[in-house]
Amino acid sequence: MKLAVFPSSIETSRALILRLVELMNEEPDRIFNIAVSGGNTPALMFDLWANEYLDITPWNRMKIYWVDERCVPPEDSDSNYGMMRNLLLGIAPIPYENVFRIRGEAKPVKEAVRYSELVKQQLPYRLGWPEFDIVLLGAGDDGHTSSIFPGQENLLTSTSSYVVSIHPCNGQKRIAMTGYPILNARHVIFLITGKNKADVVEEICNSGDTGPAAYIAHHAQNVELFIDKGAASYIGDVSKEIH
Ligand code: 6PG
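The sequence shown finishes on residue 243 if you use UniProt numbering, and the numbering steps up by one all the way, no holes.
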C-alpha cells in the first residue's frame with residue numbers, strides 16, 4: 001500500500017488526477033476501464049479535472065463505470081452519476097458510449113443483475129471476475145467503502161459483482177460493487193480527505209481488517225491512498241511521504 005499525503009484537498013485531488021493520467025500514459029495502447037465512486041469527496045476532483053486537465057487526458061481511451069450508486073434518478077442531488085455528469089462528463093470530450101451508468105431509478109435488484117451482466121460483457125475476465133484497470137474508492141467515517149457498510153462484510157465475498165445494499169442510517173438503497181471485483185482490479189486508489197476521516201485512515205494504516213475500507217486496502221493489489229493532512233492527522237509521522 002502506497003500512501004501520499006498532501007497539504008490540502010485541492011492538492012490531493014490534483015495529484016490524483018495527474019496519477020490517473022500518468023497510469024494511462026504508461027500504457028498508451030490500452031483502453032482503461034475505470035470505476036468511480038461518488039459521495040462528496042470526488043466532487044472537487046471532478047471540478048478541477050474539468051477546469052484544469054481536460055487537454056492532457058486521453059478521454060477516448062477511458063470507459064467509465066461506477067463503483068456504487070444511490071437508488072435515485074440522475075436528477076436527484078444524491079445521484080453519483082448526476083454529480084459526475086454535471087461537473088465533468090458533460091464537459092469532457094468523452095465518447096457518450098464510453099459512459100456506463102448504474103440506473104439509480106430502476107428496480108434495484110434487477111439493476112444490480114443488469115449491471116453485473118453489463119460489466120461481464122464489457123470487461124476482460126481474470127480469475128473468474130471482471131478486471132477493472134482502476135477502481136477509485138472513497139471511505140466513510142464509519143469505515144465503509146463502495147456501499148459496503150460495517151456489518152455488511154458478507155458483501156465482500158458475494159458471488160455477484162454488484163448487489164443491492166442498504167445504508168444503515170437512512171435506509172437508502174444502493175447498488176454496490178462487491179469485494180471480489182474490487183480485489184481483482186489492477187489498481188485500487190482511495191481518495192480520502194478531511195479531518196473527519198482521520199480515524200478511518202488510521203485504521204487503514206495501523207490496524208487490522210477493522211471495516212470494509214480497511215479490508216479492501218489490505219487485500220487489494222496496487223493500492224494507493226491519496227489523502228490530505230486532515231485525514232492523515234492520526235497516523236503519526238508521515239513527513240517522508242508528504243509531497
Ligand atoms: C457513495 C460512495 C461512497 C463514498 C464514501 C465517502 O455513494 O457514498 O461511493 O462509498 O466513497 O461514502 O463519501 P463522502 O465523500 O461523501 O464522505
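Ideal Cβ placement from N, Cα and C applies to all residues, glycine included. Because the structure is a prediction, the values reported are computed rather than measured.
heavy atom of the ligand 6PG below 7 angstroms from residue i C-beta
i	result
Thr-178	no
His-144	yes
residue 246	Outside the shown range of the chain (1 to 243) lies residue 246, about which nothing can therefore be said.
Arg-103	no
Arg-70	yes
Gly-151	no
His-67	The amino acid at residue 67 is misidentified as His; the sequence shows Val. For the ligand 6PG, at least one heavy atom lies less than 7 angstroms from the Cβ of Val-67.
Asn-206	no
Asn-80	yes
Ala-139	yes
Thr-12	no
Residues near residue i by beta carbon distance below 7 angstroms, same chain, minus five either side
i	result
Glu-111	Ile-102, Arg-103 and Ile-175
His-218	Asp-209
residue 244	Because the chain spans 1 through 243 in this model, residue 244 falls outside it and cannot be assessed.
Leu-127	Asn-184
Thr-193	Ser-9, Thr-12, Thr-41, Ile-227, Asp-228, Gly-230 and Ala-231
Leu-88	Phe-46, Trp-49 and Ala-50
Nonlocal neighbours in the same chain, by C-beta distance under 8 angstroms from residue i, ignoring five residues either side
i	result
Glu-75	Gly-82
Ala-214	Gly-143, Val-200, Glu-203, Ile-204, Ser-207 and Gly-208
Reference residue i; option with closest CA among the options
i	options	result
Pro-95	Phe-6, Tyr-53, Met-84 and Met-62	Met-62
Trp-59	Phe-32, Ser-37 and Asp-199	Phe-32
Arg-114	Ser-77, Val-163, Phe-132 and Asn-196	Val-163
Pro-93	Phe-132, Asn-51, Pro-108 and Pro-73	Asn-51
His-106	Ser-79, Tyr-65, Gly-39 and Cys-71	Here residue 106 turns out to be Ala, not His, going by the sequence shown. Checking every option, the nearest Cα to that of Ala-106 belongs to Cys-71.
Leu-137	Ile-34, Gly-151 and Phe-100	Ile-34
Ser-158	Leu-88, Glu-224, Ile-182 and Gly-211	Ile-182
Cβ neighbours of residue i in the same chain (closer than 6 angstroms, five flanking residues each side left out)
i	result
Ile-17	Trp-49 and Tyr-53
Ser-37	Val-67, Leu-136, Leu-137 and Gly-138
Asp-78	Arg-70 and Val-72
Buried or exposed (CB count within 10 angstroms, at least 16 for buried), residue i
i	result
Ile-242	Because the pLDDT at Ile-242 is just 43, under 50, the model does not fix this residue reliably, and the value given afterwards should be weighed accordingly. Exposed, because fewer than 16 other Cβ atoms sit within 10 Å of the Cβ of Ile-242.
Gly-179	buried
Tyr-125	exposed
Ser-147	buried
His-144	buried
Arg-14	buried
C-beta neighbour in chain C for residue i, strict 8 angstroms
i	result
Ala-176	The structure shown has no chain C; it contains just one protein chain.
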